[in-house]
Amino acid sequence: MVSIAVVGANGNIGRCLVTEALARGHRVTAVVRDPDRYQGLAMEVLPGDVLEPEDVARVAAGQDALVSAVGGGRVVADAARSLVAGLRELDDAAPRLLVVGGAGSLLVGPGVRVWDDLGLPAPLRRTMHAHGEALEYLETVADLAWTVLSPAELLEPGARTGRYRTGTDHLMVGADGRSRITVADYAVALVDELENPRHLGERFTVGY
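Using this note's numbering, count along the sequence shown one by one with no gaps and you end on 1142.
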């Protein structure tokens, strides 16, 4: 059993991560802005703002891992800097950091990334680039143990199968030509990485 704090536990991905980790017997703390509004599972619920390094340090203290499931808009890039600043306050006692990433920066061809698709809506493209900026920043961080997990292009509701394939910087595409993963199986992959680290200091991706 390891002790895990999940920031953004109220979101769809955050709730699945909490559920998956609890099912495996880990001790999970849900970190949300307003604990009174949290309706998911957890052994403990703490208030915390991912954009405040002091809050990050407080909720991360004593944990084995801190998982950031924060997403949407510019906050993704700002959160990466705040997470690092907060964990650095803990020095050698800082837990491992696992971050829910985006698919936008994944390669689909030589020098071509998912976000280069001109048909993407502008708000989605901005969020993709925010995830990309967060990843670029984390790649400069050498004093913390971090991992970013990018999903397939389509991250969708669906059953937990426990099956997935992994890659590094290229979009995962299945035999049917589609790039997809359910949120439940994405959570499986992230908790698998937490239990058996294989991608310290780098980004990896999952898909069927």
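Positions of the beta carbon are idealized from the N, C-alpha and C atoms, including for glycine.
No experiment lies behind these values; they were computed from the predicted model shown.
Quiz item: Closest to Gly-896 by CA distance: which of Leu-1134, Arg-1132, Leu-1124 is it?
Solution: In this structure the chain extends from 935 to 1142, so residue 896 is not present and cannot be described.
Practice problem: Tell me whether Val-1075 sits in a helix, a strand or coil according to DSSP, three-state version. | Solution: As a first step, residue 1075 must be located in the sequence shown, where it is residue number 141. Of the three classes helix, strand and coil, the one that applies to Val-1075 here is coil, per DSSP.
Self-check item: C-alpha gap between Ala-1064 and Ala-1076, whole angstroms
Solution: Counting from 1 along the sequence shown, the entry for residue 1064 is found at position 130. Counting from 1 along the sequence shown, the entry for residue 1076 is found at position 142. Whole-angstrom Cα-Cα distance: 21 Å.
Practice problem: Out of Ala-994, Leu-1105, Arg-1099, Thr-1139, point me to the one whose CA is closest to Val-1046's CA. | Solution: The residue labelled residue 1046 in the question sits at position 112 within the sequence shown. Among Ala-994, Leu-1105, Arg-1099, Thr-1139, the Cα nearest to that of Val-1046 is on Leu-1105.
Quiz prompt | Assigned secondary structure, Pro-981 (DSSP; H/G/I helix, E/B strand, else coil) | solution = Position 47 of the sequence shown, counted from the first residue, corresponds to residue 981. Looking at Pro-981 - three-state DSSP - the assignment turns out to be strand.
Quiz item: At which residues does the beta strand (DSSP E) containing Gly-1053 begin and terminate?
Solution: Against the sequence shown, residue 1053 aligns to sequence position 119. That residue, Gly-1053, is in no beta strand (DSSP E); it is neither H nor E in DSSP.
Quiz item: Taking three-plus beta-carbon pairs below 8 Å as touching, is the region 959-966 in contact with the region 981-1001?
Solution: Output reads yes: the region 981-1001 touches the region 959-966.
Quiz item: Beta-carbon separation of Leu-1000 and Ala-957 under 7 Å?
Solution: Here residue 1000 refers to the residue found at position 66 of the sequence shown. Here residue 957 refers to the residue found at position 23 of the sequence shown. Their beta carbons are not under 7 Å apart, which means Leu-1000 does not touch Ala-957 by this criterion.
Quiz item: Taking C-alpha atoms, which residue in Arg-1030, Ala-1118, Gly-1108, Leu-1072 lies nearest to Arg-1132?
Solution: Within the sequence shown, the letter at position 198 stands for residue 1132. Of the candidates Arg-1030, Ala-1118, Gly-1108, Leu-1072, the one whose C-alpha sits nearest the C-alpha of Arg-1132 is Arg-1030.
Quiz item: Using the rule of at least 16 other Cβ atoms within 10 Å of the residue's Cβ for burial, across every protein chain shown, is Asp-989 buried or exposed?
Solution: The sequence position of residue 989 within the sequence shown is 55, counting from 1. Asp-989 comes out buried.
Self-check item: Backbone CA spacing between Ala-1086 and Asp-970 [nearest angstrom]
Solution: Along the sequence shown, one-based indexing puts residue 1086 at 152. Along the sequence shown, one-based indexing puts residue 970 at 36. Distance between the alpha carbons of Ala-1086 and Asp-970: 33 Å.
Exercise. Grab the span of the alpha helix (DSSP H) containing Glu-1129 for me, first residue to last.
Key: In the sequence shown, counting from the first residue as 1, residue 1129 sits at position 195. Following the DSSP letters along the chain, one finds Glu-1129 inside the alpha helix (DSSP H) bounded by residues 1117-1129.
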